[in-house]
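Residue 67 in the numbering used here sits at position 61 of the sequence shown; the count goes up by one each step and never skips.
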Amino acid sequence: MQARSTAGYLLKDLLFDFAKFPVWWYSAGLVQAARFAWGEIAAWARRLSLVILFRNVLKPMYGDYSKSGRAISLVLRLVVFGFRVVVMVLWSAVVIGLLALWIALPVGTGFLFARSLVG
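Rendered as structure tokens:
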């Protein structure tokens, strides 16, 4: 008798988990994934020091206030800033792509599963 009630409980729990999974995936799971994605993008912006570099674009490097020193500093900082922006855009595209994959994964898996049953 005990084995039957345990098996019934496990079956009910398993079915409830299957029913609950899509709701969690697109509610709490999606919020967690979006927060993680935003945190990754913000962390890379800090790692690349984009805000600090942007604030100091017009300040001469190494205290060289001559015209040539200012020109070299401006060009060099613009080049560095450009490369870092490209890195940031590429990394953001990767993170947003992974978030889109998170959204599409259950639907795509369900579609492939249903297609394998039909044909």
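Virtual Cβ for every residue (Gly too), placed ideally from N, Cα, C.
**OP:** Tell me whether Ala-43 is buried or exposed, calling it buried when 16 or more other Cβ atoms sit within 10 Å of its Cβ.
**Re:** Within the sequence shown, residue 43 is the residue found at index 37, counting from 1. Ala-43 is buried by the Cβ-count criterion.
Original post:
Does DSSP classify Val-63 as helix, strand or coil?
Top reply: As a working mapping, residue 63 is identified with position 57 in the sequence shown. Looking at Val-63 - three-state DSSP - the assignment turns out to be coil, as it is neither helix nor strand.
**OP:** Run the CB neighbour count on Ser-33, radius 10 Å, all protein chains shown included, and call it buried at 16 or more, exposed below.
**Re:** Locating residue 33 in the sequence shown gives position 27, where the first residue counts as 1. Label assigned to Ser-33: exposed.
Subject >> CB-CB length for Leu-80 against Leu-56, believed under 8 angstroms >> reply: In the sequence shown, residue 80 corresponds to position 74, counting from 1. In the sequence shown, residue 56 corresponds to position 50, counting from 1. The Cβ separation is near 17 angstroms, so there is no contact.
Original post:
Are the stretch 70-87 and the stretch 104-124 touching by the rule of at least three beta carbon pairs closer than 8 angstroms?
Top reply: no
Original post:
What first and last residue would you give for the alpha helix (DSSP H) that runs through Gly-88?
Top reply: Translated into the one-based positions of the sequence shown, residue 88 becomes position 82. Note, Gly-88: alpha helix (DSSP H), 73-124.
Original post:
At what residues does the alpha helix (DSSP H) containing Gly-35 begin and finish?
Top reply: By 1-based counting over the sequence shown, the position of residue 35 is 29. Start and end: 34-54.
**OP:** Select from Arg-41, Val-91, Gly-69 the residue whose C-alpha is nearest the C-alpha of Arg-53.
**Re:** Within the sequence shown, residue 53 is the residue found at index 47, counting from 1. Closest by alpha carbon: Val-91.
Original post:
If you run the structure through DSSP and keep just helix, strand and coil, what is Asp-70?
Top reply: Here residue 70 refers to the residue found at position 64 when the sequence shown is read from its first residue. In this structure, Asp-70 counts as coil in the three-state DSSP scheme.
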